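Chains A and B, in that order, give the protein sequences. FYI, the numbering for the first sequence is 101 to 395, going by this note's numbering. FYI, the numbering for the second sequence is 101 to 395, going by this note's numbering. The beta-carbon is built from N, C-alpha and C at its ideal position, and this holds for glycine as well. Quantities reported herein were computed from a predicted structural model and do not represent experimental measurements. First up is the structure itself, then whatever we jot down about it.
There are 2 protein chains.
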Amino acid sequence: MPPTILTDDDLDARLSPADAVAAMERALEAYAAGDLQAPPREYVSVGDGDLVFTVGGDSEGFGFRAYQTVGAVAGSQVTCVFAPDGALRGLAVGDRAGILRTSGIGGVAVDHLARDDATTLGLLGSWRHARSQAEAVAAVRDLDRVQVFSPNPDHRTDCATDLDERLDCAVEARDDPEPVVREADVLVCATDATSPVFEADWLQPGTHVSSLGPKEVGVSELPADIASHVDLAVTDSLAQARATDEYVVDHGRLVELGDVVAGTQSGRESADHVTLFCSVGLAGTEVALVRAALD
Amino acid sequence: MPPTILTDDDLDARLSPADAVAAMERALEAYAAGDLQAPPREYVSVGDGDLVFTVGGDSEGFGFRAYQTVGAVAGSQVTCVFAPDGALRGLAVGDRAGILRTSGIGGVAVDHLARDDATTLGLLGSWRHARSQAEAVAAVRDLDRVQVFSPNPDHRTDCATDLDERLDCAVEARDDPEPVVREADVLVCATDATSPVFEADWLQPGTHVSSLGPKEVGVSELPADIASHVDLAVTDSLAQARATDEYVVDHGRLVELGDVVAGTQSGRESADHVTLFCSVGLAGTEVALVRAALD
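In structure tokens:
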């Protein structure tokens with residue numbers, strides 16, 4: 101059987117946000133059980149940048165994602181999925197696999213770390229990752245309100261209009277990040293900002309925060325003092341988080357999301373706690389995501 | 101523009117054997133001029149084998165081929181081609197890109213090393229590589245006869261029938277390799293044999309030999325004493341040939357095909373000389389081959 105080729109649209113047609121969350125929950129369980137191999141990324145220099153290969157494998161097969169750092173060109177990623185016998189089952193061409201696995205993992209994090217009665221999502225950031233995260237959160241919590249902030253009025257309005265069509269709840273663009281943070285039960289930071297996009301004091305007890313951007317002190321979208329406001333800090337890959345020396349939260353405090361999913365680490369312990377998910381993109385999960393679309 | 105996806109059939113529809121030879125001649129010229137980057141292969145372990153990434157780049161762009169060594173499964177290779185700005189131009193899924201670039205390079209070797217008046221091709225081996233090599237030789241020499249030997253009667257008959265349809269000359273299956281070698285102006289060995297498939301004494305003056313199989317002493321399709329029968333030994337990549345310690349020809353005697361193409365090294369110097377091309381599959385050429393199909 102020839103391999104199946106999936107475009108970004110094909111992935112969305114085959115995987116709902118809830119499907120992506122379920123696939124990433126299974127991948128995180130496999131990782132916690134030691135069944136997800138994810139060796140370090142391989143970088144091969146080409147001209148002004150690198151080709152980067154992220155390999156992953158488990159008992160259901162193996163594969164890789166390849167992307168380039170030469171230029172910021174949309175749609176230039178490829179994820180290939182092989183069966184355990186070496187047959188190429190299929191591949192996804194485009195950026196959606198990487199976004200869907202990130203939002204799928206984000207959905208798992210919210211499901212295990214946010215309060216069960218969380219109804220208000222705050223979104224800092226307005227682009228594809230932010231929108232996909234909102235859909236994943238809506239797949240695991242019964243949202244009644246989403247508030248979006250971006251410093252660019254057009255961006256936040258466009259994002260709110262888009263999410264209003266996709267989500268079954270009220271969506272509003274806000275021109276001030278402070279109420280977005282203060283009123284959030286779940287706060288998703290999905291920006292490319294290298295300086296803090298909110299103040300830690302704005303966080304209310306019981307909030308869950310997910311951060312997608314860089315987590316290095318001094319170049320993070322998170323406040324420098326976030327650690328002192330957080331009761332539980334979780335990441336999808338401790339090994340990958342440790343690759344960043346000066347982390348916004350001490351590495352020693354970080355718990356792995358897979359262990360929370362597996363129940364060997366505690367998740368949220370109090371309705372008042374502030375939880376933080378530091379998303380790093382556990383290697384190997386792109387392959388699991390595309391495989392779920394092929395199954 | 102979304103990337104173009106090419107199947108094995110698409111490659112054949114877009115590239116004639118002569119086109120493949122021309123594309124590989126350009127790639128070898130670029131290599132000789134120092135414009136083809138081909139860093140060492142990257143191997144990443146997955147279960148019972150590896151994922152292997154071969155990266156190549158030049159002024160027209162970059163890319164990679166990925167294949168797996170877990171199982172011998174047809175069609176499980178992927179070659180991706182990026183533009184210089186990082187855009188994914190397209191990709192080829194299947195085994196044909198690897199075969200076409202190998203036969204394209206083989207055609208360049210024959211064009212520069214075989215006698216101009218070569219008319220008889222001897223083929224030891226009957227599978228896809230052998231057939232594609234025959235088409236490439238026919239693209240650079242005016243053949244009037246092809247003789248095929250394989251120890252398996254069905255295989256050699258099937259190959260001869262197939263080539264008879266594709267080539268504009270007489271094609272015959274032979275049940276004895278000796279006359280195939282003795283009568284050959286160009287002899288192509290394209291077997292997976294790990295012991296010699298002919299005797300060096302059978303080679304007549306003026307013959308050109310191309311070998312695709314392993315070139316390590318003791319596990320080669322070539323006679324152990326081939327070196328003493330050869331006047332000129334050429335390879336497509338000295339660096340890759342050097343990775344094999346006990347080579348059938350001393351590394352010091354090997355000349356690079358790119359330099360012969362560029363004219364900085366001599367090719368055939370006498371109609372009586374025996375020339376040998378040790379094909380190793382210069383890295384980066386798969387990318388150039390698929391790019392030629394995209395152009």
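Contact with chain A by residue i, beta-carbon distance below 9 Å
| i | result |
| --- | --- |
| residue 262(B) | no |
| residue 372(B) | no |
| residue 311(B) | no |
| residue 394(B) | no |
| residue 399(B) | Since the first residue shown for chain B is 101 and the last is 395, residue 399(B) is missing from the structure and cannot be characterised. |
| residue 340(B) | no |
| residue 178(B) | yes |
| residue 172(B) | yes |
| residue 296(B) | no |
| residue 205(B) | no |
| residue 192(B) | no |
| residue 166(B) | yes |
| residue 306(B) | no |
| residue 107(B) | yes |
| residue 149(B) | yes |
| residue 367(B) | no |
| residue 377(B) | no |
| residue 117(B) | no |
Near the ligand ADP: residue i beta-carbon under 8 Å from a heavy atom
| i | result |
| --- | --- |
| residue 235(B) | You won't find the ligand ADP in this model; it holds no ligand whatsoever. |
Neighbour flag for residue i against chain B, beta carbons, 9 Å
| i | result |
| --- | --- |
| residue 110(A) | no |
| residue 385(A) | no |
| residue 437(A) | Residue 437(A) lies beyond the stretch modelled for chain A, which goes from 101 to 395, so this question has no answer here. |
| residue 199(A) | no |
| residue 361(A) | no |
| residue 303(A) | no |
| residue 185(A) | yes |
| residue 157(A) | yes |
| residue 219(A) | no |
| residue 279(A) | no |
| residue 224(A) | no |
| residue 188(A) | yes |
| residue 175(A) | yes |
| residue 145(A) | yes |
| residue 381(A) | no |
| residue 163(A) | yes |
Nonlocal neighbours in the same chain, by C-beta distance under 6 Å from residue i, ignoring five residues either side
| i | result |
| --- | --- |
| residue 330(B) | 374 and 376 |
| residue 273(A) | 248, 256, 257 and 260 |
| residue 372(A) | 305 and 306 |
| residue 122(A) | none |
| residue 152(B) | 141, 143 and 167 |
| residue 293(A) | 321 |
| residue 51(B) | It is not possible to answer for residue 51(B), since the shown part of chain B is limited to 101 through 395. |
| residue 232(A) | 199 and 203 |
7 Å Cβ shell around residue i - same chain, five flanking residues per side excluded
| i | result |
| --- | --- |
| residue 266(B) | 235 |
| residue 281(B) | 222, 287, 298, 302 and 303 |
| residue 107(B) | 193 and 194 |
| residue 367(A) | 212, 213 and 360 |
| residue 394(B) | 104, 181, 189 and 190 |
Own chain, CB closer than 8 Å to residue i, minus 5 neighbours either side, in chain order
| i | result |
| --- | --- |
| residue 289(B) | 224, 225, 297, 298, 309, 310, 311, 312, 313, 321 and 322 |
| residue 182(B) | 161, 162, 163, 188 and 189 |
| residue 384(B) | 127, 131, 136, 137, 138, 154, 155, 156, 157 and 158 |
| residue 361(B) | 125, 128, 129, 132, 208 and 212 |
| residue 229(A) | 199, 202, 203, 290 and 312 |
| residue 350(A) | 327 |
Unbroken beta strand (DSSP E) runs of length 3 or more, entirely within the region 144-175 of chain A: which are they?
If you keep only unbroken beta strand (DSSP E) runs of at least 3 residues inside the region 144-175 of chain A, you get 149-158 and 161-168.
With contact counted as at least three CB pairs below 8 Å, one residue from each stretch, are the region 279-295 of chain A and the region 260-271 of chain A in contact?
no
Validate contact between the region 224-231 of chain B and the region 135-143 of chain A using beta carbons, cut 8 Å, 3 pairs
Judged by Cβ distances under 8 Å, the region 224-231 of chain B makes no contact with the region 135-143 of chain A, as fewer than three pairs qualify.
Hey, which unbroken runs of the beta strand (DSSP E) at 3 residues or more fall wholly within the region 186-233 of chain A?
Counting only runs of 3 or more, we get 188-193 and 220-224.
What are the complete beta strand (DSSP E) segments, minimum 3 residues, inside the region 347-374 of chain B?
Whole beta strand (DSSP E) segments, 3+ residues: 354-356.
What are the residues of the region 120-141 of chain B that lie near chain A, defined by any Cβ-Cβ distance shorter than 8 Å?
Taken in chain order, the members of the region 120-141 of chain B whose beta-carbon sits within less than 8 Å of a beta-carbon on chain A are 137 and 139.
For a minimum of 4 consecutive residues, which ranges assigned as the alpha helix (DSSP H) are wholly contained in the region 262-303 of chain A?
277-282
Within 8 Å, do at least three Cβ pairs link the region 185-195 of chain B to the region 168-178 of chain A?
yes
Residues of the region 322-346 of chain B with Cβ closer than 7 Å to any Cβ of chain C, in chain order
Protein chains in the displayed structure are A and B, and chain C is not among them.
Tell me whether the region 189-209 of chain B and the region 104-117 of chain B touch, counting them as touching only if at least three CB pairs, one residue from each stretch, are closer than 8 Å.
yes
For the structure I just gave you, are there three or more beta carbon pairs, one from the region 377-393 of chain B and one from the region 335-347 of chain B, closer than 8 Å?
Yes: at least three Cβ pairs fall under 8 Å.
Give, in chain order, every unbroken run of the beta strand (DSSP E) that is at least 3 residues long and sits entirely within the region 306-333 of chain B.
308-311
Along the region 229-260 of chain B, where does the CB come closer than 8 Å to a CB of chain A? Name the residues.
none
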